[in-house]
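Undergrad: In our numbering, the protein residues as written are 36 to 827.
Beta carbons are placed, not taken as given, at the ideal position from N, Cα and C, and that holds for glycine.
If you're wondering where the values come from, they're calculated on a predicted model, not measured in any experiment.
In structure tokens form, the structure reads like this:
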């Protein structure tokens, strides 16, 4: 057995006194008839099968069996003989505390029922309800044969909420273990993980559930007010916790030796109820690393120690910079939810802790340096009594994360501590952002500083595909083969001028990771000196990524994972990864023609408008062109591989205003997208792909020649001053744009196309194109009309 074992049976041997022997005999006597009956049944398989048919599993039968055992065992005499002398003196005559004694019998039964088999949270609450019912039966207030009162229903709601809060840390811890299983083999082979695993966690659930609020809900408000002023009231809580764990131990016992151990543990537990307040912090000490804490959020340091003792009420944790003041000095301490988190999520620690986790110090905003933690343990009697203790440690900061690529942030939540959180547009939130061209990677790379551990080098590399992050199965730094810090390579805080390189202005905290040390001449106190300063740059992904490493990464585009690798002066590595879509494939735009108009010819309106066409009906004409963006991954036709954004068409009158053409397949029955002036789907095909310029990079199939498509249908009334006034928004042209009847003028058609790729300048700045002006002379040679209205 391990020396620090806290499980049932690990307590020091009890003296072989008559009281203990009497209680053990009573326990065995209570179990003996049941054990003898089971033994007789086991001697006859046929009889056992008959019993199975007669006695299908019944919840009421299970509870009745437990009640039979513990009503026979836990008599008033047994209760008194097990109590330490301090307990007997505190309680006094049995008439004063008989309600407490009967309550303890319910506690033993509750622990025995819960631990007889694996329980879900719902199953746990069922037995908590039966525990509540047991107490109400003792008090003569049980809702048997009648509906619940409003107060009773509120009490059960309180218990359900407390049970959820008490169970949640256990479930969260189990989930974290499942998410990070790589340490389990070492724990098993080293003996750290054995068959006792989980017993302490089960006890912690009981302690979290039995709080001040649940005491009211269990007893009822009237009974709580009647008994809460008794001097032994809070001892009853400690007694109940010992009794629950005793019942749980008995449920798991499989031999008489185990029964003995359970009883010894129970007796030792009762002695602990009368220990004076104990206060001890054992961790953190020395050079302490902070760690990401996904449950609490941010970075934390775990505080381990002991906070317990007679009439324990709660404990608090505080932190301050080490400044030489005495522990009992109250100056400079920080506490509360901004700095401290407790198991169970309360404002203070409400559960006694023995050599366990007391809480977590939130260190995200703390600078590296020497700190001290103060633990204060409070008692209910006398009011305000407390004892405090302190421990000093050095905070070692590991700030290693990527937070932005091309000014697009890591999606938060989940945030930069989650390795597969995407680069996303913050508004609208959550839309994944491909990046390309020249991009700056921003983040934090800081290590230090205690026991001469400080940052040495920073490297930023990339690997193909979406790779697993640090701590995940399959993570391998060797998978990252390309550098974003070219041509200088990693940023290293070493000679020459190491001291100047370590100056505060060269710390990489929420700034560009794509940076390098550059000798810089400055004027210092009238003298010119040369120092090394970090100078930021952007990574030219369009030229520096490999052109065609595999089928999923053509033309320096595809899924990549960035690796931030920070080393300290002891050779330790600290990593962060970031999944990124790179897009360096070209975008195509071309205005080809007005449908039906021969090339290099003037446009006569009367050739496209039927004679006598009324102003009240549209005069449609198709505009032809190409608006095309290549897929990032040719095998993936979904977003963000399908990264096309929009195109727009603008017509400018020579020497006059411009008109943005509404994008619709038909002006007779207009259909618009989210923006009537933007087309959101590709049109036509350029008849080429980027792979044709890269040797040995086979392009996907594409048309053998250029194909123009319909960009939009144009309403020719915009060119006629007589009928332009009949147009309504968004088709209305600006004043001075249409032609008077008998007038000719030059017009230029220009097409704009962009995708959704970001560079440092933001969205649409990496891949966009304005086509050269497509000019044509348009003559309004329609007959009739007097050119009335604003366009005349």
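Are the beta-carbon atoms belonging to residue 720 and residue 737 less than 8 Å from one another?
TA: yes
Undergrad: Per the contact definition of three or more C-beta pairs closer than 8 Å, is the stretch 675-682 in contact with the stretch 785-799?
TA: yes
Undergrad: Just curious, the beta strand (DSSP E) that residue 694 is in, first and last residue?
TA: For residue 694, the enclosing beta strand (DSSP E) covers residues 693-695.
Undergrad: Evaluate residue 661 with the Cβ neighbour count: other Cβ atoms within 10 Å of its Cβ, from every protein chain shown; 16 or more gives buried, anything less gives exposed.
TA: Residue 661 is classed as buried because its beta carbon has at least 16 other beta carbons within 10 Å across all chains shown.
Undergrad: Please look up how many angstroms separate the CB atoms of residue 22 and residue 814, rounded, as I've assumed it's under 8 Å.
TA: Absent from the model: residue 22. The displayed extent of the chain is 36 to 827, so no value can be given.
Undergrad: What is the residue span of the alpha helix (DSSP H) that residue 161 lies within?
TA: 156-174
Undergrad: Mind checking whether residue 504 and residue 455 have CB atoms under 8 Å apart?
TA: yes
Undergrad: Could you pull out every residue in the same chain whose Cβ sits closer than 6 Å to the Cβ of residue 54, ignoring the five residues on either side in sequence?
TA: Hits under 6 Å: 116.
Undergrad: Return helix, strand or coil for residue 438, following the three-state DSSP convention.
TA: strand
Undergrad: Around the C-beta of residue 469, are 16 or more other C-beta atoms found within 10 angstroms, so that it is buried, or is it exposed?
TA: buried
Undergrad: Please classify residue 818: does DSSP put it in a helix, a strand, or coil?
TA: Note: residue 818 maps to coil in three-state DSSP.
Undergrad: As an exercise, report each continuous beta strand (DSSP E) stretch of at least 3 residues that is fully enclosed by the stretch 529-596, in chain order.
TA: Those beta strand (DSSP E) runs which fall completely within the stretch 529-596 and span 3+ residues are 543-547, 550-559, 562-571.
Undergrad: Between which residues of its own chain and residue 691 is the CB-CB distance below 8 Å, once the five residues before and five after are set aside?
TA: 771, 772, 780
Undergrad: Drop a sphere of 10 angstroms on the beta-carbon of residue 345, count the other beta-carbons inside from all chains shown, and report buried for 16 or more, exposed for fewer.
TA: buried
Undergrad: Which whole runs of the beta strand (DSSP E) in the stretch 591-625 are 3 residues long or more, in chain order?
TA: 593-603, 608-617
Undergrad: Can you find at least 3 beta carbon pairs, one from the stretch 354-369 and one from the stretch 292-308, that sit closer than 8 Å?
TA: no
Undergrad: With DSSP as the reference, please indicate the residues paired to residue 443 in a beta bridge.
TA: 440
Undergrad: Assign residue 322 to one of three DSSP states: helix, strand, or coil.
TA: strand
Undergrad: Given this structure, state the Cα-to-Cα distance separating residue 698 from residue 608, to the nearest angstrom.
TA: The alpha-carbon atoms of residue 698 and residue 608 are separated by roughly 54 Å.
Undergrad: For the stretch 588-596 against the stretch 478-492, are there 3 or more C-beta pairs whose distance is under 8 Å?
TA: No contact exists between the stretch 588-596 and the stretch 478-492.
Undergrad: If we cut at 8 Å on Cβ distances, does residue 795 have a partner in chain B?
TA: This model lacks chain B altogether, as it is built from one protein chain only.
Undergrad: Taking all protein chains shown into account, decide if residue 675 is buried (16 or more other Cβ within 10 angstroms of its Cβ) or exposed.
TA: buried
Undergrad: How is residue 682 classed by DSSP in three states: helix, strand or coil?
TA: strand
Undergrad: Could you say which of 175, 557, 391 lies nearest to residue 315 if we only look at CA atoms?
TA: Taking residue 315 as reference, the option from 175, 557, 391 with the minimal CA-CA separation is 391.
Undergrad: Can you check the stretch 269-352 for any alpha helix (DSSP H) of at least 4 residues that lies completely inside it and give the ranges in chain order?
TA: DSSP runs (the alpha helix (DSSP H)) wholly in the stretch 269-352: 291-307.
Undergrad: Output needed for residue 48: all residues of its chain with C-beta closer than 8 Å, excluding positions within five of it in sequence on either side, in chain order.
TA: Confidence at residue 48 is low in this model, with a pLDDT of 44, below 50, so its placement is unreliable and the value that follows should be read with caution. Excluding sequence neighbours, residue 48 sits near 299.
Undergrad: Can you tell which of 368, 358, 335, 357 has its C-alpha closest to the C-alpha of residue 351?
TA: 368
Undergrad: Looking only at C-alpha atoms, which of 139, 162, 141, 206 sits nearest to residue 150?
TA: 162
Undergrad: Just curious, the alpha helix (DSSP H) that residue 369 is in, first and last residue?
TA: Where residue 369 is concerned, there is no enclosing alpha helix (DSSP H), given that its DSSP letter is neither H nor E.
Undergrad: Quick one, are the C-beta atoms of residue 794 and residue 471 less than 8 Å apart?
TA: yes
Undergrad: According to DSSP, residue 789 sits in a beta bridge with which residue or residues?
TA: 681, 803
Undergrad: For residue 404 and residue 483, what's the separation of their Cα atoms in angstroms?
TA: Approximately 9 Å, taken between the alpha carbons.
Undergrad: Is it buried or exposed, residue 275, if we count other Cβ atoms within 10 angstroms and call 16 or more buried?
TA: Its Cβ being crowded by 16 or more others within 10 Å, residue 275 is buried.
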